[in-house]
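**Student:** The following block contains the structure, expressed as structure tokens.
Residue numbers (our numbering): 146 to 310.
Here is the structure:
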């Protein structure tokens, strides 16, 4: 590689780091924290609903970020519809609040437990690769450690952690 190309790549790398730092400062000033909702969704047979995203590995509980001006329950209902074509058949019960320090130093997740029914099968798209109901004793092998931990907490097999991971 030519010295000019190396110098140009170095300058671009420094510029990108600077821009990322500026964005982090901006978000810290405009958003004190981020808030997400997830749910352990159980069908009438006691199976839990999980999703496998296209952009991160593993199987997860459905959920997403709470938008400005949106209640957590409105956000939860929206995410369950979008990620699984799920309709709540019971009032969602807030199980626990978690700090998701692996995402950022300000991300928090509210975990709900809710009974659901699936209105229509969830067809794969750009966000969700697969989705389905699973017995608690037969979760997919690729179910994330955090998802397994939350399900153990809900089942009373573990003390709830303050951290999502």
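Ideal placement from N, C-alpha and C gives every residue a C-beta, glycine not left out.
Whose C-beta lies closer than 7 Å to the C-beta of residue 224 among residues of the same chain, with five residues either side of it excluded?
**Tutor:** Taking the chain shown and counting its residues from 1, the one referred to as residue 224 is at position 79. Once the five neighbours on either side are set aside, the close Cβ partners of residue 224 are 182, 207, 208 and 209.
**Student:** Hey, is the stretch 264–280 in contact with the stretch 243–254, meaning 3+ C-beta pairs nearer than 8 Å?
**Tutor:** no
**Student:** What separation, rounded to the nearest whole angstrom, lies between the Cα atoms of residue 213 and residue 252?
**Tutor:** Here residue 213 corresponds to residue number 68 of the chain shown, with the count starting at 1. Here residue 252 corresponds to residue number 107 of the chain shown, with the count starting at 1. Straight-line Cα distance between these residues: approximately 15 Å.
**Student:** My guess is that residue 296 and residue 185 are in contact by the Cβ rule of under 8 Å, so how many angstroms apart are they, rounded?
**Tutor:** Indexing the chain shown from 1 puts residue 296 at position 151. Indexing the chain shown from 1 puts residue 185 at position 40. About 6 Å; that satisfies the 8 Å criterion.
**Student:** In the DSSP assignment, the beta strand (DSSP E) including residue 252 goes from what residue to what residue?
**Tutor:** Stepping through the chain shown from its first residue, residue 252 is reached at position 107. It spans 252–263 - the beta strand (DSSP E) in which residue 252 sits, taken as one unbroken run.
**Student:** Would you mind reading off the limits of the alpha helix (DSSP H) that contains residue 267?
**Tutor:** Working through the chain shown from its first residue, we reach residue 267 at position 122. Premise fails: residue 267 is in no alpha helix (DSSP H) and is neither H nor E.
**Student:** Sort 190, 163 and 218 by Cα distance to residue 281 and report the nearest one.
**Tutor:** Numbered from 1 along the chain shown, position 136 holds the residue referred to as residue 281. Comparing Cα positions, the closest option is 190.
**Student:** Determine contact between the stretch 290–309 and the stretch 218–235, defined as no fewer than three beta-carbon pairs at a distance below 8 Å.
**Tutor:** Touching, no.
**Student:** Am I right that residue 187 and residue 193 are in contact with their C-beta atoms under 8 Å? What's the rounded C-beta distance?
**Tutor:** Numbered from 1 along the chain shown, position 42 holds the residue referred to as residue 187. Numbered from 1 along the chain shown, position 48 holds the residue referred to as residue 193. Residue 187 to residue 193, Cβ: 6 Å. Contact.
**Student:** Candidates 262, 241 and 227: which alpha carbon is nearest residue 235's?
**Tutor:** As a first step, residue 235 is located in the chain shown; it is residue number 90 there, counting from the start. Of 262, 241 and 227, the smallest CA-CA separation from residue 235 is found for 262.
**Student:** Quick one: Cα of residue 145 to Cα of residue 265, how far?
**Tutor:** Residue 145 falls outside the range modelled here, since the chain spans only 146 to 310, and no answer is possible.
**Student:** Which runs of the beta strand (DSSP E), 3 residues or longer, sit entirely within the stretch 170–252?
**Tutor:** 179–187, 193–198, 208–210, 231–233 and 238–244
**Student:** Which of the three DSSP states is assigned to residue 286 in this structure?
**Tutor:** If you number the chain shown from 1, residue 286 lands on position 141. The answer is coil: DSSP assigns residue 286 none of H, G, I, E or B.
**Student:** Among 211, 201, 268 and 258, which residue has its Cα nearest to the Cα of residue 229?
**Tutor:** In the chain shown, the residue the question calls residue 229 occupies position 84. The residue with the shortest Cα to Cα distance from residue 229 is 268.
**Student:** Considering Cα atoms alone, identify which of 243, 167 and 239 is closest to residue 258.
**Tutor:** On the chain shown, position 113 is the one that residue 258 refers to. Comparing alpha-carbon positions, the option among 243, 167 and 239 lying closest to residue 258 turns out to be 239.
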